[in-house]
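**Student:** Submitted below is the structure of interest, expressed as structure tokens.
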Amino acid sequence: GCIADVSHYVQTGNAIDIDAYDRATSVYFPRRVIPMLPEKLSNGLCSLNPEVNRLCMVCDMLITEEGDIHAYQFYPAVMYSHARFTYTQVAAILSNTKGLDARKFKGRVDNLLDLHGVFKSLLKARDRRGAIDLDTVETQIVCDENGRIEKIVPRVRNDA
Numbered sequence: 177g178c179i180a181d182v183s184h185y186v187q188t189g190n191a192i193d194i195d196a197y198d199r200a201t202s203v204y205f206p207r208r209v210i211p212m213l214p215e216k217l218s219n220g221l222c223s224l225n226p227e228v229n230r231l232c233m234v235c236d237m238l239i240t241e242e243g244d245i246h247a248y249q250f251y252p253a254v255m256y257s258h259a260r261f262t263y264t265q266v267a268a269i270l271s272n273t274k275g276l277d278a279r280k281f282k283g284r285v286d287n288l289l290d291l292h293g294v295f296k297s298l299l300k301a302r303d304r305r306g307a308i309d310l311d312t313v314e315t316q317i318v319c320d321e322n323g324r325i326e327k328i329v330p331r332v333r334n335d336a
């Protein structure tokens, strides 16, 4: 896995770093996001957008079919993302590898199937360890065109 390497753009102790530390996280509202970092960084240089090179930190892992992590290593790298998926798209592809979304991203289907296999292996190991699955219900707020809340509905949980 990898995550954007913000440290290249944000120096320890500078104003952006201090502000990000105080915020601690980005906050997501139904129709608005308050990012932890300035928008030019959070949606630009530090966003793992498709079809552009981005600095990142990688965790390279050797995971067995049983879900045991035999080795891992962290290192800085440059990543080129081939696609940006929504959870809904990934779930649709995993459930139907011949469907519309799968055809749209046909060059990535095998990658998603491989990652799903890793997920299932890690889930098996988690179950073997006796980890508790807190099956909480995530909700989605649906707003009208004026931004007023119309309803709150449960989100369907899937493997994506």
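Residues in the sequence shown are numbered consecutively from 177, following our numbering. Glycine included, C-beta positions come from ideal geometry on N, C-alpha and C.
Under three-state DSSP, which class holds arginine 208?
**Tutor:** If DSSP states are grouped into helix, strand and coil, arginine 208 belongs with coil.
**Student:** Consult DSSP for glutamine 187 and reduce its assignment to one of helix, strand or coil.
**Tutor:** Coil at glutamine 187, not helix or strand.
**Student:** Once DSSP output is grouped into helix, strand and coil, what is the label at asparagine 322?
**Tutor:** Looking at asparagine 322 - three-state DSSP - the assignment turns out to be coil, as it is neither helix nor strand.
**Student:** Along the alpha helix (DSSP H) that carries leucine 298, what are the first and last residues, could you check?
**Tutor:** Note, leucine 298: alpha helix (DSSP H), 285-305.
**Student:** Start and end of the beta strand (DSSP E) containing alanine 180?
**Tutor:** Note, alanine 180: beta strand (DSSP E), 178-180.
**Student:** State the beta-bridge partners of asparagine 229 as determined by DSSP.
**Tutor:** Paired residues: Tyr256.
**Student:** For cysteine 319, count neighbouring C-beta atoms within 10 Å of its own C-beta (all shown protein chains included) and say buried if the count is 16 or more, exposed if not.
**Tutor:** Exposed is the call here.
**Student:** Looking at serine 257 and leucine 134, is the spacing between their C-beta atoms short of 8 Å?
**Tutor:** For residue 134 there is no data in the structure shown, the boundaries of the chain being 177 and 336.
**Student:** Could you give the C-beta distance for arginine 146 and proline 226, rounded to a whole number, given that I count them as a contact under 8 Å?
**Tutor:** A question about residue 146 goes unanswered here, because the residues of the chain that appear run from 177 up to 336.
**Student:** Between aspartate 181 and the rest of its own chain, which residues show a CB-CB distance below 7 Å, the 5 nearest in sequence each way excluded?
**Tutor:** Leu231, Cys232, Met233 and Pro252.
**Student:** Between the stretch 294-306 and the stretch 236-245, do at least 3 Cβ pairs fall closer than 8 Å?
**Tutor:** Judged by Cβ distances under 8 Å, the stretch 294-306 makes contact with the stretch 236-245, as three or more pairs qualify.
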